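Peer 1: Quick one: this structure, given as structure tokens, is what I'll be asking you about.
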Amino acid sequence: MAKESNFKNMVLTLFVICFCGSAVLGGAYLITQAPIASAQAEIINKALSGVLPAFDNNPSEEVYDMQIEGQTAKVYPALLNGAKVGIAVEVISTRGFGGPIQVLVGFFPDGTICNTALISHSETPGLGDKLDQRKSIFSLQFNGKNPKDFTLAVKKDGGQVDAITAATISSRAFCHAIDMAYKVFTEIDLQDGGQL
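Numbering (the numbering used here), first residue to last: 3 to 198.
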């Protein structure tokens, strides 16, 4: 004999379905959380070795946060034989054409840019994704430049940076990210009494 459907039965059935679905999603999150964090840490560690001068410490274990433009930047100090040889700053610019652009910028102690690494982005394939060193030489123009005397803006905006053709917004966002990283660097420099 079939049971008649009523409001109480429908609510109870809906609750059971939602609870089971939530439990499955929560379980999937718990299972994938550690591998995702591990993969992200590996990406950062690989990028750190590419943007910093030679170091013998583990910058990702000594990372600390600083605030810049209402966001949190991550600071990775690099040491060699106990002396500070550089610092990497990880920032996110929200000015990208396709969304946020996450960049890691390595600095020498005098503020000169050692190298940059694009960590993540959602820029247009074939255009804005040329921010990545594997796709173009755009980001190499920052290496060896000191933002103290190098204007971090595209030439169209009065700066010294050659923008990617047909991707000016992406180029501006990358410049903004490096500028944010440099502002963090100068705050560290000031906090440490003029020395890294």
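Ideal Cβ placement from N, Cα and C applies to all residues, glycine included. Since the model is a prediction, treat every value here as computed from it, not as a measurement.
1. For residue 82, which three-state DSSP category applies?
2. When you compare the CB positions of residue 80 and residue 50, do they come within less than 9 Å of one another, or not?
3. Mapping DSSP to helix, strand and coil, what is residue 107?
4. Taking all protein chains shown into account, do 16 or more other C-beta atoms lie within 10 angstroms of the C-beta of residue 21, making it buried, or fewer, making it exposed?
5. Specify, as a first and last residue, the run of the alpha helix (DSSP H) that residue 143 falls within.
6. Buried or exposed: where does residue 36 fall if 16 or more other Cβ atoms within 10 Å of its Cβ makes it buried?
7. Enumerated in chain order, which unbroken segments of the beta strand (DSSP E) with a length of 3 residues or greater are wholly contained in the stretch 33 to 77?
8. Which residues in the same chain have their Cβ closer than 7 Å to the Cβ of residue 71, if we skip the five residues on either side of it in sequence?
9. What are the start and end residues of the beta strand (DSSP E) that includes residue 120?
10. Looking only at its chain, what residues have a beta carbon closer than 6 Å to the beta carbon of residue 169, apart from the 5 residues adjacent to it on each side?
11. Quick one: what's residue 92 bridged to in DSSP?
12. What's the call for residue 43, buried or exposed, on a 16-neighbour Cβ count within 10 Å?
13. Please report the straight-line C-alpha distance between residue 107 and residue 15, rounded to a whole angstrom.
14. Could you tell me which of 59, 91, 47, 141 sits nearest to residue 189, measuring between CA atoms?
15. Report back the beta-carbon spacing between residue 172 and residue 166 to the nearest angstrom; my notes put them in contact at under 8 Å.
16. Could you say which of 88, 132, 62, 23 lies nearest to residue 54 if we only look at CA atoms?
17. What's the C-alpha gap between residue 61 and residue 186?
Peer 2: So, to answer that:
1. Assignment of residue 82 by DSSP, reduced to helix, strand and coil, places it in the strand class.
2. Yes; because the gap between Cβ atoms is below 9 Å, this pair is in contact.
3. Collapsing the DSSP output to three states places residue 107 in a strand.
4. Flag for residue 21 reads exposed.
5. No alpha helix (DSSP H) contains residue 143, which DSSP labels as neither H nor E.
6. Exposed.
7. With a minimum length of 3 residues, the continuous beta strand (DSSP E) runs that stay inside the stretch 33 to 77 are 66 to 70.
8. These residues qualify, in order along the chain: 182.
9. Run containing residue 120: 115 to 122, per the beta strand (DSSP E) assignment.
10. The residues are 129, 130.
11. Bridge partners of residue 92: 76, 106.
12. Classification of residue 43: exposed, given that the 10 Å Cβ count is below 16.
13. Residue 107 and residue 15: Cα-Cα distance of roughly 53 Å.
14. Comparing Cα-Cα distances from residue 189 to each of 59, 91, 47, 141, the minimum goes to 91.
15. With a Cβ gap of about 6 Å, residue 172 and residue 166 count as contacting.
16. In terms of Cα proximity to residue 54, the closest of 88, 132, 62, 23 is 88.
17. Distance between the alpha carbons of residue 61 and residue 186: 16 Å.
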